[in-house]
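All remarks here apply to the structure that follows.
4 protein chains.
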Amino acid sequence: MNSDARGQQMPARIAAELRTLIHTGTVPPGGRFQGERELAQEFSVSRATLRQALKVLQEEGYIEVRRGPYGGAFVTSLGAPLTAWKEQMASDFAPMDDLFDFRVGVEMAAARFAAERRTDEDIVRMRESTERLATAVGREQLRLHDARFHECVAEASGSSRLLNMVREVRGELFLPVDFLRDDDTQDHSDILGAIIDSNPDLASQRMMEHIEHTREQLRKLVRTA
Amino acid sequence: MNSDARGQQMPARIAAELRTLIHTGTVPPGGRFQGERELAQEFSVSRATLRQALKVLQEEGYIEVRRGPYGGAFVTSLGAPLTAWKEQMASDFAPMDDLFDFRVGVEMAAARFAAERRTDEDIVRMRESTERLATAVGREQLRLHDARFHECVAEASGSSRLLNMVREVRGELFLPVDFLRDDDTQDHSDILGAIIDSNPDLASQRMMEHIEHTREQLRKLVRTA
Amino acid sequence: MNSDARGQQMPARIAAELRTLIHTGTVPPGGRFQGERELAQEFSVSRATLRQALKVLQEEGYIEVRRGPYGGAFVTSLGAPLTAWKEQMASDFAPMDDLFDFRVGVEMAAARFAAERRTDEDIVRMRESTERLATAVGREQLRLHDARFHECVAEASGSSRLLNMVREVRGELFLPVDFLRDDDTQDHSDILGAIIDSNPDLASQRMMEHIEHTREQLRKLVRTA
Amino acid sequence: MNSDARGQQMPARIAAELRTLIHTGTVPPGGRFQGERELAQEFSVSRATLRQALKVLQEEGYIEVRRGPYGGAFVTSLGAPLTAWKEQMASDFAPMDDLFDFRVGVEMAAARFAAERRTDEDIVRMRESTERLATAVGREQLRLHDARFHECVAEASGSSRLLNMVREVRGELFLPVDFLRDDDTQDHSDILGAIIDSNPDLASQRMMEHIEHTREQLRKLVRTA
DNA sequence: GTGGTCTAGACCACA
DNA sequence: GTGGTCTAGACCACG
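Residue numbers (the UniProt record's numbering), protein chains in the order written: chain A, 1 to 225; chain B, 1 to 225; chain C, 1 to 225; chain D, 1 to 225.
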């Protein structure tokens, strides 16, 4: 009914979308967003509103804004947000568990339907993401291609709603992704295999294990930090 | 001061919530909502705003407002919304498929985690829902207890996010539920069994089959209508 | 040259002007400012800009904003600003001394020129202020008529620049005025006498003593607080 | 980031400051300002902005900009500004009176507090200014050391606010100073004497007379011009 | 051509 | 008719 008006205010909503781009590594530290005018148009929003969104991210320490030509909104090294996130997680891990429970649901379903419905083109895209992750160097690239694979699976599921949710969840995940597991590439490869074999149960099963591994990894990280 | 002021779509939001109450059978045809003043207070909203929400539902044919003593907002027989829904589904079933893909994801996860984490109290509640569905008479009761069971499972999963999503999906489902399958009670019972046995894979598997059956049923309904 | 553009941003400048109205008691605690639209027009500024000014005052604890008819920006009991002011003064009284040095200059000159140039109407106004102060009840009235007298003297000086400065200084004074000396009325009366007698030296002399008394009073207040 | 961004009148502000330097004789006719880059840095402003300020002064006839080596912004003989000023004063002397009323206030207070608070170093500086005025040759030197003395007194008052105001007023005075009275040196000397004697009333009294003499001188000048 | 500020005006939610 | 939010567009200061 009101599918795209979930009730947040515009600035907060746009801030969330931009934050997602940072969390997923789409715009890495040091990277620059488009100009305010372009962004405003992209979000179908006035520049004033967009600027409020940028201000939120600025105060959260995600971006810093520079003026002049070659100015713009640049992603910081993310030190401040990382610290804030760790503190919050250390004091209460429940929200993260909640997020992962939901992630398990949407990504298992995505993997299942992907195994049933994937086209050859879907397979090409998923394979490419997997290979790029394998050869990625640097945290930013790892982060980006890890996120990209999960999106590709959701795309292959043919469900726009699942795709949106996969993206939304990913957008909330943030820095955990900074600490990718060494065997992520293998996980992705295994999942992809099951999808190619058109084995929905196996695909979703492996997706679940993959996500639960990540959850465990995160839990450890928070405990030791 | 303006901490929760979303700016501009409160009426639509409230309308959606009230619509959900109708879709899930919480307030059945012929049933009456609380007085405007109570509703307004419940949603932390002014009476004027609430009246706009009611107006939306009125125009959609969900409710009719009667004045005087014993007046109030009464749920109609839902003929108009049903017709509108059928027409829409007949012309494009994709949104419904999208919704069901997502439903499969969240409810499978809910069943899985419920099987892992359910407490004795959770079991009591789920069992009660199942039994009430078995002995329910009339469409309204069926609809209500069917919805209630799915909520109970989501509650047992211990994930507030999954619970919210289960409810949200249900709120969008509407009348399909009018046409419950005869073997729904058996499905619920089977799912509950797997949850009680602490068998996550089986519980989620049965939940999926249950939902896919409903999807098929609906698809047929639309074709023949 | 650029007499009215001293370089502040508009919101800060407007906030300062509104703050002055509070400090001088023109709008007392509990009082209400005009509607945003009127204020915006009065300051020849857009509503958005004016709202930023209101936000500043809101965060400083000077006003609270209520919605609905009979809503608007209302002056608080000023507890928060008072506390903040006391703390600041206790840690560094120098800015207050600086302000008073300047005040001595402008108000002595105002008294001097008033004694030279006052018209009969000026005298009427100054006398009225003095009398009202004598019969005033309540802090708000005292504050208001005290401020009013000093303005009247500055008006009588015939120098718009001095008048502006007297007002500006008064606007920065704030709560000190909350603690009026018992013999303020006598001081005002003495100053007025010298002005009526067209005695510039005596008028400015008395004005100085009046202000220095206030300074001393304030100094004590801060020490004991 | 935008801590000191006043938004929109930087050029005018900078122009005013540079104009003051000319009015006070700090940079005399024929004199050269620093390079654009140095000035820009000094005012913490971009070169483009500074150039706008220079353009303003250029159009007012205060400076002329020469290019090439030994180029820069040179103060003109000030014929054009002087003519403009005379015309303006002849048509309306009120603004000048207003300025002098204010000047009386701030400089009397400065003299008063200087007499109360001057240190030995202050005396040295004030004496030096007085002596240099006595031995000055040429309008430029006269203008410069006259202005300098008044600043020294304001410095000795220990009030930064009074000092700022004395400077600001002086910046607006401009060419009147071109026509210094012969007995200015004696006036300064008398004022200094009262300050050294720690006689606040006398110091401020003499300061007033000094300023009022200047006002009269100016008035005559305008009448005859 | 960038971000920073302000304007003018609309519509919404409120009581 | 109030305050709360957003839009569209302008101009300024920047490097």
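Glycine is no exception: its CB is placed at the ideal position from the N, C-alpha and C atoms.
This one's a predicted model, so the numbers in the text were calculated from it and none came from an experiment.
In whole angstroms, what separates the C-alpha of residue 199 of chain D from that of residue 108 of chain D? The residue you call residue 199 of chain D lines up with position 199 of the fourth sequence. The residue you call residue 108 of chain D lines up with position 108 of the fourth sequence. Each residue's Cα considered, the two are about 12 Å apart.
Flag residue 99 of chain A as yes if its beta-carbon sits less than 8 Å from any beta-carbon of chain B, otherwise no. Counting from one through the first sequence, the residue named residue 99 of chain A turns up at place 99. Residue 99 of chain A counts as touching chain B.
Does chain C have any CB closer than 8 Å to the CB of residue 109 of chain D? Start at 1 with the first residue of the fourth sequence, and residue 109 of chain D comes out as number 109. Taking Cβ atoms only, chain C reaches closer than 8 Å to residue 109 of chain D, which makes this a yes.
Cβ-based burial, residue 94 of chain B [other Cβ within 10 Å; buried from 16]: Looking up residue 94 of chain B in the second sequence gives position 94. Result: exposed.
The ligand FAD heavy atom lying under 7 Å from the CB of residue 47 of chain A: Absence of the ligand FAD is noted for the structure shown, with no ligands found whatsoever.
Kindly list, in the order they appear in chain B, the residues whose Cβ is closer than 9 Å to that of residue 91 of chain A. Within the first sequence, numbered from 1, the residue matching residue 91 of chain A stands at position 91. By Cβ distance, chain B contributes nothing, its closest Cβ being about 18 Å from residue 91 of chain A, past 9 Å.
Between residue 160 of chain D and chain C, is there a C-beta pair that is closer than 8 Å? Sequence index remark: in the fourth sequence, residue 160 of chain D carries index 160 (1-based). Interface residue, yes.
In the DSSP assignment, the alpha helix (DSSP H) including residue 74 of chain D goes from what residue to what residue? Within the fourth sequence, the letter at position 74 stands for residue 74 of chain D. Careful: residue 74 of chain D lies outside any alpha helix (DSSP H), inside the beta strand (DSSP E) at 72 to 75.
Do residue 196 of chain C and residue 123 of chain C have their C-beta atoms within less than 8 Å of each other? As a first step, residue 196 of chain C is located in the third sequence; it is residue number 196 there, counting from the start. As a first step, residue 123 of chain C is located in the third sequence; it is residue number 123 there, counting from the start. Taking 8 Å as the Cβ cut-off, residue 196 of chain C and residue 123 of chain C qualify as a contacting pair.
Rank A:61, A:182, A:115 by C-alpha distance to the C-alpha of residue 142 of chain A and give the top, closest one. Your numbering for residue 142 of chain A matches position 142 in the first sequence. Nearest of A:61, A:182, A:115 to residue 142 of chain A, Cα basis: A:182.
Terminal residues of the continuous alpha helix (DSSP H) containing residue 124 of chain D? The sequence position of residue 124 of chain D within the fourth sequence is 124, counting from 1. Start and end: 120 to 135.
For residue 64 of chain A: DSSP bridge partner residues: Residue mapping note: residue 64 of chain A aligns to position 64 of the first sequence, counting from 1. Answer by DSSP bridge pairing, in chain order: A:74.
Runs of alpha helix (DSSP H) wholly within the segment 147 to 197 of chain A (minimum 4 residues, chain order): 160 to 173, 184 to 196
Buried versus exposed, by CB contacts within 10 Å (16 or more), residue 30 of chain D: Translated into the one-based positions of the fourth sequence, residue 30 of chain D becomes position 30. Burial call: exposed.
Can you name, in chain order, every residue of its own chain whose Cβ lies under 7 Å from the Cβ of residue 50 of chain A, other than the five neighbours on each side? Translated into the one-based positions of the first sequence, residue 50 of chain A becomes position 50. 14, 36, 39, 40, 43, listed in sequence order.
Which term fits residue 1 of chain B, buried or exposed, when burial requires 16 or more other beta carbons within 10 angstroms of its beta carbon? The residue labelled residue 1 of chain B in the question sits at position 1 within the second sequence. Unreliable positioning characterises residue 1 of chain B in this predicted model, as indicated by a pLDDT of 33, which lies under 50. A coordinate reading is not provided.
Taking C-beta to C-beta, are residue 45 of chain A and residue 62 of chain A nearer than 8 Å? Locating residue 45 of chain A in the first sequence gives position 45, where the first residue counts as 1. Locating residue 62 of chain A in the first sequence gives position 62, where the first residue counts as 1. Not in contact: residue 45 of chain A and residue 62 of chain A (Cβ atoms no closer than 8 Å).
When the Cα atoms are used, what is the spatial distance from residue 210 of chain B to residue 103 of chain B? Locating residue 210 of chain B in the second sequence gives position 210, where the first residue counts as 1. Locating residue 103 of chain B in the second sequence gives position 103, where the first residue counts as 1. Whole-angstrom Cα-Cα distance: 11 Å.
Separation of residue 165 of chain A from residue 145 of chain A, as counted between CA atoms: For this step, residue 145 of chain A is matched to residue 145 along the first sequence. For this step, residue 165 of chain A is matched to residue 165 along the first sequence. Cα to Cα, the separation comes out at about 18 Å.
Just checking: is the beta-carbon of residue 171 of chain A within a distance shorter than 8 Å of some beta-carbon in chain B? By one-based count along the first sequence, residue 171 of chain A stands at place 171. No - not a single Cβ of chain B is within 8 Å of the one on residue 171 of chain A.
Strictly below 9 Å CB to CB, what residues from chain D border residue 198 of chain C? Position 198 of the third sequence holds residue 198 of chain C. In chain order: nothing, as chain D lies at least about 17 Å away.
Under a Cβ-count criterion, where at least 16 other Cβ atoms within 10 Å of its own Cβ denotes burial, should residue 187 of chain C be classed as buried or exposed? Within the third sequence, numbered from 1, the residue matching residue 187 of chain C stands at position 187. With 16 or more Cβ atoms within 10 Å of its Cβ, residue 187 of chain C is classed as buried.
State yes or no: is the C-beta of residue 193 of chain D within less than 8 Å of the C-beta of residue 20 of chain D? As a working note, residue 193 of chain D is residue 193 in the fourth sequence. As a working note, residue 20 of chain D is residue 20 in the fourth sequence. Result no, Cβ atoms of residue 193 of chain D and residue 20 of chain D do not sit closer than 8 Å.
Contact criterion: CB-CB distance below 8 Å. Does residue 106 of chain C meet it with respect to chain D? The sequence position of residue 106 of chain C within the third sequence is 106, counting from 1. Interface residue, yes.
Listed in chain order, which residues of the segment 32 to 46 of chain D have Cβ atoms closer than 9 Å to some Cβ of chain C? none
Whether or not the segment 115 to 131 of chain B and the segment 152 to 162 of chain B are in contact is what I'm after, with contact meaning three or more pairs of Cβ atoms, one per stretch, closer than 8 Å; do they touch? yes
Beta-carbon proximity list for residue 112 of chain A, same chain, < 7 Å, skipping 5 on both sides: Walking along the first sequence from the start, residue 112 of chain A turns up at place 112. If we look at residue 112 of chain A and ignore the five residues flanking it on each side, its Cβ neighbours are 200, 203, 204.
Return the CA-CA distance between residue 86 of chain D and residue 52 of chain A, expressed in angstroms with no decimal places. Within the fourth sequence, numbered from 1, the residue matching residue 86 of chain D stands at position 86. Within the first sequence, numbered from 1, the residue matching residue 52 of chain A stands at position 52. Spanning the two alpha carbons is a distance of roughly 50 Å.
Against chain A, does residue 77 of chain B count as a neighbour if the rule is that its beta carbon must be under 8 Å from one of theirs? On the second sequence, residue 77 of chain B is found 77 positions in, with the first residue counted as 1. No, because no Cβ of chain A sits closer than 8 Å to the Cβ of residue 77 of chain B.
Expressed to the nearest angstrom, what Euclidean distance is found between the alpha-carbon atoms of residue 147 of chain A and residue 84 of chain C? Walking along the first sequence from the start, residue 147 of chain A turns up at place 147. Walking along the third sequence from the start, residue 84 of chain C turns up at place 84. Cα to Cα, the separation comes out at about 49 Å.
Cβ neighbours of residue 127 of chain D in the same chain (closer than 8 Å, five flanking residues each side left out): On the fourth sequence, position 127 is the one that residue 127 of chain D refers to. Excluding residues within five positions, the ones whose Cβ falls inside 8 Å are 192.
What is the rounded straight-line gap between the Cα of residue 134 of chain A and the Cα of residue 140 of chain A? Numbered from 1 along the first sequence, position 134 holds the residue referred to as residue 134 of chain A. Numbered from 1 along the first sequence, position 140 holds the residue referred to as residue 140 of chain A. The straight-line gap from Cα to Cα measures roughly 13 Å.
Apart from the five residues just before and just after residue 28 of chain D, which ones in its own chain have a Cβ nearer than 6 Å to its Cβ? For the purposes of this step, residue 28 of chain D is identified with residue 28 of the fourth sequence, where counting begins at 1. The residues are 140.
Thinking just about the alpha-carbon of each residue, which of C:157, C:11, C:81, C:161 is nearest to the one in residue 60 of chain C? Counting from 1 along the third sequence, the entry for residue 60 of chain C is found at position 60. Ranking the options by Cα distance to residue 60 of chain C, first place goes to C:81.
For my contact list, residue 56 of chain D and residue 12 of chain D are in at a C-beta cut-off of 8 Å; report their separation, rounded to the angstrom. For this step, residue 56 of chain D is matched to residue 56 along the fourth sequence. For this step, residue 12 of chain D is matched to residue 12 along the fourth sequence. 7 Å between Cβ atoms; contact.
Closer than 9 Å at the beta carbon, the chain B residues around residue 207 of chain A: The count along the first sequence starts at 1 and reaches residue 207 of chain A at position 207. Neighbours of residue 207 of chain A on chain B: none; closest Cβ ~11 Å, over 9 Å.
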